[in-house]
Amino acid sequence: MRVKILVIIFFITIKLLSLNITARVVNDAGKPIRDVIITYKDKAIISQKNGYFNINNVSAEDEVKFHKINYQDKTEAAGNIEKTVILQDKVITIQGLRVIEEMQKGLIGSSEVIVIRSENNSGSAADILRESSDLQISGLPLFGEEQKIIFPGYKARHTLIMLDGIPLNKSGTAFDISTIPAEIIESIEVVKGSSSSIAGAGSMGGIININTKQAQSRYKINAVHTFGSFGLDQHSIALSRSTSKVQIYAYFRKSFTRNDFTYIPQNDPDILKVREHNEKSIYDANLNLAYTSPIGMFAYKLLFQDFFRKLPGNIESLEWYKNSRLTGQTQKHVFNYSRKIMDYNLKADLYYSLDKSVYDNTRLDDPWAQNIYLATLARNKQQSREVKLHSEYLSDIFYIDWGGDYRYEEFKYTDLNYPEQSTEKVFRENFAVFGKTKLRQKHFPYITSLTGSARWDNTTGFDDHTSWKLEPEFSYENYFMISLGGNVANGYTLPSYYNLFWKGDSHVSGNPDLKPEGSLSWQIFSKFIISKYIFKVTYRHDDIDDMIIWFRDEWSKWKPRNLSTAEVDNWELEVNVKPYKFMELVTIYTKSSAVNRTENDPNYDSKILYVPDHSLNINLKIRTRKFKGNISYKLIGEQWTNSDQSTTEHQLAAYDLLNAGVEYSVVWQNFRVTPSIKVDNIMNKLYEIYDHVPRPGINWEINLGIEYKI
């Protein structure tokens, strides 16, 4: 009897000492790796589609081996396996040729696409792009201020913003990218070049595609407190949960700032004034759900924002907008379904967006308080619905994506004080079919590819439009790599609802006769890579027809009109150097020219307004396991504010900025504590990028992030 008891105790002890492990295999970028062969003892298992695997009844000393072609083998003691196992890409060297298996990325992607990984714990998508790209960003570089992305030579309305591949602003309206929090962003893809054949209207300048985060560990809580200049106070929390079938990511942020910075008034340069009545209070919420079932992958995303923003207006007319404010809500819902059948991937996307706001400018002093055009209390409402169905096919050398989409948009403006100024509900419907194909062939040591895409759009109130694009590319890779390529494409942008239907105030009104803008664009590039050095030169030329500009009519009222022809040229030189594993230096210089080429126009050969003639961006990044540092320098050239360019009276001066940030992480058990500090405009430059719209001097931000993982 005693022996039996001892035997039972022995087996129970062995059972208690054994481990049951659930973890996930990912690559350097945090993406899951499927079909990894995992061996231990005399057993073998394979990781699932989302990278998860389970190991049962092993001891802490047992060796677990991970193997997959194109990745470096890895061996870990079972007791040392964390919730996430990272496999490194395997580089194979054959007579000087570096071969990394990226067949799918090479076939689907494009040399135009720049991928920016997000590492920000605060701010917005605008802050990520400001730090890591050469794009111009309009609006004040402070939290809560409207900020829009501008490709060189173009306007903000020519940049199409996409969320996980879903267009957000096809209606011809520039999108405020500051409304998307940095904390929910996994990466941002920047496509330079006309891309209407891929995404439809609004992408004449290029595309910004924002990829949102998904859960990557079983349990994770991340809390961040941020405070900084001009009264910034921000709290956020992110929760995530991931299993083999379900992923949940939820995020909430509460923010307040006064943005009461000082500036130098143009009419009295000897004094400093404070930018008053500029408070912002914003609540953000995000939910990301994903479920893997036997019949496919289902996903749902929600972006919600409730905001209160005071809008002080230009400094030349402060009395016209004293204590004005905008309050409202935005919500965006995205539903995705995908299923892989052999070499085909079937996808369905549903999108719904609702933007509601109330503009209140009724706190004016006399005599402006009784002005019908200024003392405004009005309600705006815009909603969009879209469904997109498409199918992808991928082979060793061939990629095809084809399908169609339908989009419905409506807009309504209601003036609560003066109903005659209201705009009744107007709507647009858009039907489209599209296709993209890419052929990529390797002839050691050469690689050739040809990408073609086309799209046909039928839109309410406008003529049908067919967009197309061709992208050839040739590469040679041995001890060094050189690529030659380019593209030729057409594009278009629809007039926005405001440009068409705005009934106006005392100095602004819309124009219902506007036509869509169109463009013919081509660019060529050459890229040279040797060791840790990358050099790239790109030239882009665009001819734009019916470009919409604002002008003063005979009654000095601002009104949009179609400019017959504009010509835009851009030279871009990029140098990327990685002298050490932990250091990267990126320099981008852009030379731009945007000129009015309308025959018989009094402003023929004049420069298009608010297009800097050159820009220089230098970014130094230092990354170690615990420390991250970033120093960036930006130089923006002169730009014109008026079509009268006989003297420099209407030319904004060039300016330069120096920004820096540091971050340090401390890990203790399941906690990670990350303090960081960011300082912008270190040289305290007081400058303008738009006439009578001052920019803030030196400003700073301190973050404290606490992350807990189980």
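Per the working numbering, the very first residue in the sequence shown carries number 606; after that it's consecutive.
Backbone N, C-alpha and C fix where the C-beta goes; we use that ideal spot for every residue, glycine too.
Every value quoted in this text rests on a predicted model; they were computed, and no experiment measured them.
- In the three-state reduction of the DSSP assignment, E1029 falls in the strand class.
- Taking the Cα of L907 as reference, the smallest distance to any Cα among I920, S1000, K850, I771 is reached at I771.
- One alpha carbon belongs to E687, the other to G810, and they sit about 44 Å apart.
- By the neighbour-count criterion, in which 16 or more other beta carbons inside 10 Å mark a residue as buried, S1000 falls on the exposed side.
- In this chain, S1248 is not harboured by any beta strand (DSSP E), its DSSP state being neither H nor E.
- For T1246, the CB contacts under 8 Å within the same chain, skipping 5 residues up- and downstream, are L1214, Y1215, H1255, Q1256, L1257, Y1295, D1296 in chain order.
- The shortest C-alpha to C-alpha distance from N1083 to any of N1063, I946, H1048 is the one to H1048.
- In the displayed model, A1258 falls within coil according to three-state DSSP, outside both helix and strand.
- A contact between stretches requires three or more CB pairs, one per stretch, nearer than 8 Å, and the region 1301 to 1311 meets this requirement with the region 1262 to 1282.
- Annotation note: the region 887 to 961 contains the following uninterrupted beta strand (DSSP E) runs of length 3 or greater, listed N- to C-terminal: 901 to 915, 930 to 946.
- The count of Cβ pairs closer than 8 Å, one atom from the region 1217 to 1225 and one from the region 1186 to 1196, reaches three, so the stretches are in contact.
- The C-beta of N774 has 16 or more other C-beta atoms within 10 Å across all chains shown, which makes the residue buried.
- Taking I1236 as the centre and dropping the five residues before and after it, the same chain places the C-beta of L1225, A1265 closer than 6 Å to its C-beta, in chain order.
- Residue pairing by DSSP puts K825 in a beta bridge opposite S845, K1314.
- Per the DSSP secondary-structure output, Q741 pairs in a beta bridge with I755.
- Counted as a single uninterrupted DSSP element, the alpha helix (DSSP H) harbouring A804 occupies residues 801 to 804.
- Secondary structure at R1145: strand, using DSSP grouped into helix, strand and coil.
- With a cutoff of 8 Å on beta-carbon distance, Y905 and F940 are scored as near each other.
- For the pair D1062 and D1006, the Cα-to-Cα distance works out to about 17 Å.
- Going by DSSP, N1208 is part of no alpha helix (DSSP H) at all; its letter is neither H nor E.
- The alpha-carbon separation between A843 and T1056 amounts to approximately 40 Å.
- As computed with DSSP, A1037 is found in a beta bridge with D1010, D1062.
- Taking the Cα of P972 as reference, the smallest distance to any Cα among L982, W925, R990, I920 is reached at W925.
- Selection D678, N1167, I1129 evaluated against K1120 yields N1167 as nearest (Cα-Cα).
- Taking C-alpha positions only, K760 is separated from N655 by approximately 40 Å.
- Look at the beta carbons and you see the region 801 to 809 not touching the region 1282 to 1294: under three pairs across the two are nearer than 8 Å.
- Assigned with DSSP and collapsed to three states, P1024 falls in helix.
- DSSP places N685 within a helical segment (H, G or I) once states are collapsed to three.
- Contact annotation: the region 983 to 1001 touches the region 949 to 967, with at least three C-beta pairs closer than 8 Å.
- Rounded to the nearest whole angstrom, the CA to CA distance from D1147 to D1068 is 22 Å.
- Leaving aside the five residues that flank E751 on each side, the residues in its chain whose CB is nearer than 6 Å to its CB run, in chain order, G744, D781.
- Residue burial annotation: D633 is exposed, with fewer than 16 other C-beta atoms found within 10 angstroms of its C-beta.
- DSSP places R735 in the helix class (H, G or I) of the three-state scheme.
- Close CB contacts of K825 within its chain, under the 6 Å cut and outside five residues either way in sequence, are with S845, K1314 (chain order).
- For I782, the three-state secondary structure derived from DSSP is helix.
- Going by beta carbons, I812 and L765 fall inside the 8 Å limit.
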